[in-house]
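J.: Starting off with a structure, shown below.
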Amino acid sequence: MSCVFCQIISGKIPSDIVYQDEEITAFRDIEPQAPVHILIVPKKHIGALGDISHEDATIIGEMTLVANKLAEQEGISQRGYRVVVNSGPEGGQAVSHLHMHLLGGRQLSGQLG
Ligand code: AMP
Ligand code: ZN
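What follows is the structure, encoded as structure tokens:
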């Protein structure tokens, strides 16, 4: 099992986990780009957003609900925040296990890429 996020999910490598349910694990990014930087990850290994099947598509909605809940917990829901999903090499995806970045706690730039 070489996938780093699968190893985090199974507890084989340590991480700062902030949320877990049956389908999703969320943990703090090891190289935070903002005061709040959390990765929201399905427990099922799905390589990328581009690999989502119709059957798995509801996981994106579940991940969004977790992002909103964590934004509330982190005290940034009123100020605003950003969720980002990178898919594939030119999308800037470095870890090939679907994940949503939750970023906030500072004014984010208007740049998208
Ligand atoms: P992406 O470029 O969208 O694939 O994002 C991958 C993210 O995973 C980056 O922001 C990394 O800092 C983060 N990351 C990589 N390894 C770990 C780890 N072991 N624990 C927490 N975050 C990690
Ligand atoms: Zn994985």
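Following my numbering, the numbering of the sequence shown begins with 556 at its first residue and continues without gaps. The beta carbon of each residue, even a glycine, is placed where N, CA and C say it ideally should be.
#1: Any idea if THR671 is buried or exposed, counting beta-carbon neighbours within 10 angstroms, 16 or more meaning buried?
#2: So for LEU658, helix, strand or coil by DSSP?
#3: So what does DSSP say about ALA581, is it helix, strand or coil?
#4: With DSSP as the reference, label VAL591 as helix, strand or coil.
#5: Does the contact criterion of 3 or more C-beta pairs under 8 Å hold for the stretch 594–613 versus the stretch 626–634?
#6: According to DSSP, which residues form a beta bridge with GLN575?
#7: Please classify ALA612 as buried or exposed, where buried requires at least 16 other C-beta atoms within 10 Å of its C-beta.
#8: Between which two residues does the alpha helix (DSSP H) harbouring VAL621 extend?
T.: Based on what the coordinates show:
#1: Only positions 556 to 668 of the chain appear in the structure, and residue 671 is not among them; the question remains open.
#2: On the sequence shown, residue 658 is found 103 positions in, with the first residue counted as 1. Here LEU658 sits in strand by DSSP.
#3: In the sequence shown, the residue the question calls residue 581 occupies position 26. Three-state result, ALA581: strand.
#4: Against the sequence shown, residue 591 aligns to sequence position 36. Three-state DSSP puts VAL591 in a strand.
#5: no
#6: As a position in the sequence shown, residue 575 is number 20, starting the count at 1. GLN575 is bridged to THR580.
#7: Working through the sequence shown from its first residue, we reach residue 612 at position 57. Result: exposed.
#8: Numbered from its first residue, the sequence shown carries residue 621 at position 66. From DSSP, the alpha helix (DSSP H) with VAL621 extends over 613–628.
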